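2 protein chains.
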Amino acid sequence: MRLKIEKETEVVSNPKKGSEDIIISKIRELIVSKQLEPGDKLPAERVLAEKLGVSRNQLRQAIQRLEFYGLVKKYPQSGTRVSNIGVTALNGMMTDILQLQEPDFKSLVETRLILETNAVRLAATRRSDEHLRQIQAAHEAYSEKAINGLNAVEEDLMFHLKLSEASGNSVINSLMLVITPEIITHFVANKVCDKDENHLLIKEHQAIIDAIIDRDPDRAVAKLEEHFNDLYKFCYD
Amino acid sequence: MRLKIEKETEVVSNPKKGSEDIIISKIRELIVSKQLEPGDKLPAERVLAEKLGVSRNQLRQAIQRLEFYGLVKKYPQSGTRVSNIGVTALNGMMTDILQLQEPDFKSLVETRLILETNAVRLAATRRSDEHLRQIQAAHEAYSEKAINGLNAVEEDLMFHLKLSEASGNSVINSLMLVITPEIITHFVANKVCDKDENHLLIKEHQAIIDAIIDRDPDRAVAKLEEHFNDLYKFCYD
DNA sequence: TTGATTTAACTGGTTGACCAATCTGGTTAA
DNA sequence: TTAACCAGATTGGTCAACCAGTTAAATCAA
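Protein chains in written order, with the UniProt record's numbering: chain A, 1 to 237; chain B, 1 to 237.
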């Protein structure tokens, strides 16, 4: 079960994305040139694929990406509509999507700090008893491994995920869900955080939980920031 | 080009998602029952599809969703690996993904506030001259329509998108990109923000820009919060 | 003329066969 | 003994044909 480190095949960015990008930019052209207007139905996949000179599958994947960003909405057996959010917004956002770069680790961590700080603030006021129960369960899972000196990166991040769940903000929760695995991967790859200062971290977690129990947002945030200060030292030394 | 409001077909949540959810939960079962371990290669799509009793396409879509959340990574012509982030994390995150609810508008706006406040803080210290140029261009586009009393929701949000771009944090930028179109859609649907207090908003935008020009994070955030106070009044009255 | 009803075309979704890149194991040449 | 190599099996990706639901025009009865 031990995996041998594969050669990094991702030095070259996913080449498949290339054709997708081209298709998206062509659709953008259609929009800015008024051949396609916000709210309109897209031409049928078959005809649009031919018009753009690509296969229907490639087109479908590009459309799927656009749908993910909410720029397009599919209605099964009926058609696909361009979101009615104006040419300016469509053009701008498509351009942005095409320029999206692979996230760097620093941005990832920085964003996590931002999201989680605010999630904890909200959690301290909104948490239900069920939330609390889950947070404590996650904390116990972490403690158990940490006390025995085992690597508990995953349990740690699961704990933090439960915190963001308790925020009662479904969007924050989703976003945390998106960025968390990448962070774990980096952590594991770089062997950060498997020191044995875990006992410290347990206390810090507990302090956060206590503040949430007491419904004290400011203290919760303060304790979280203490907690992250230590993590920061880990990551940037 | 004025849109007539279509009947809301989305009362019923996308039914296609159902089978995907089932597949994902079956894959989760494989993992928690140790038939599949973190870092392992998934069985080939064909055999896994048969094992789960679903079509290969359905399986592929489920895998694609897992890949989006970073729980799985595809290596073309080679295989698909489960991310090496531990059983606990995989199980927890898959459970979370299955429970993901459609985002409510309040969460959406709240998250936007959080992200953008921090984006602006960062932008004030990190912005390049190019960033500044784009922000000002977006602001002019907005002003032009707003002064003439036209609805400029899109231009407004494009302006804010440029702000988050200037943060230099690619992740924040991506996340803003994801939540922005939904916000625009809601705004347009609910006819918010097409009052003619636009002249006020122009000044507020300008105040934010000025603070960013002066590289003054605190003032930038303060001005943004003023700006959003007004927006909040719009949304919740 | 009008209204309901049929029907044919058109939609995104699904399917199973095919493709080219990759990996694997045994074989061969040094 | 070792390293290079080659063929066959396996992989995810692609494609063209097909499916089922939707839509709107055509049809026909009143």
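Built from N, CA and C at the ideal position, the CB exists for glycine as well.
The structure presented is a predicted model; accordingly, all values stated were derived computationally and were not measured.
Per the DSSP secondary-structure output, Y69/A pairs with nothing in a beta bridge. Per DSSP, V120/A is not a residue of any beta strand (DSSP E); the alpha helix (DSSP H) it occupies stretches across F105 to R126. Residues of chain B with a Cβ closer than 9 Å to the Cβ of D210/A do not exist, since the nearest Cβ in that chain sits about 23 Å away. C-alpha of A62/B to C-alpha of A166/B: approximately 35 Å in a straight line. A152/A and R56/A have their C-alpha atoms some 45 Å from each other. If you ignore the 5 residues before and after E225/B, its C-beta comes within less than 8 Å of the C-beta of T117, all in its own chain and listed in chain order. Under the three-state reduction of DSSP output, R28/A falls in the helix class. Closest in C-alpha terms to G79/A, from the list E67/A, I85/A, G86/A and A207/A, comes E67/A. Around the beta carbon of Q134/B, 16 or more other beta carbons lie within 10 angstroms, which makes this residue buried. Residues of chain A with a Cβ closer than 8 Å to the Cβ of M94/B do not exist; the shortest Cβ-Cβ separation is about 10 Å. Listed along chain B, no residue sits closer than 8 Å to A123/A by beta-carbon distance, the nearest being about 13 Å off. In the DSSP secondary-structure assignment, G79/B is bridged to Y75/B.
Membership of R46/A in the alpha helix (DSSP H) is indicated by the continuous run E45 to L52. Looking from the CA of T185/B, the closest CA among L48/B, L157/B and N169/B belongs to L157/B. Look at the region 178-189 of chain A: the residues with a C-beta under 8 Å from a C-beta of chain B are V178, I179, T180, P181, E182, I184, T185 and V188. Per the C-alpha coordinates, the member of A211/B, M94/B, K203/B and S33/B positioned closest to R65/B is M94/B. Interface criterion met: the Cβ of L175/B is under 7 Å from a Cβ in chain A.
Counting along the chain, no alpha helix (DSSP H) covers N151/A, and no H or E run does either.
K34/A sits in coil when the DSSP states are folded into three classes, being neither helix nor strand. The Cβ-Cβ distance between H131/A and F159/A does not fall below 7 Å. Proximity of N57/B to chain A, defined by a Cβ-Cβ separation below 7 Å, is not satisfied.
The C-beta distance from S83/B to P38/B rounds to 7 Å, short enough to meet the 8 Å contact threshold. In this structure L175/A touches L115/A by the C-beta definition: roughly 6 Å separates them, less than 8 Å. The CB of I172/A comes closer than 9 Å to the CB of S107, E110, T111 and I114 in chain B, given here in chain order. For P181/A, the closest of H227/A, R112/A, I97/A and G92/A by C-alpha to C-alpha distance is R112/A. Boundaries of the alpha helix (DSSP H) harbouring I147/A: D129 to I147, taken from the DSSP string. Considering only beta carbons, the part of the region 79-103 of chain B lying closer than 7 Å to chain A consists of S83, N84, I85, G86, T88, A89, G92, M93, D96, I97, L100, Q101 and P103, in chain order. Taking 8 Å as the upper bound for CB-CB distance, V120/B and I213/B are not in contact here, some 13 Å apart. Distance from A124/A to R215/A at the Cβ level is roughly 6 Å; contact confirmed, criterion being Cβ atoms closer than 8 Å.
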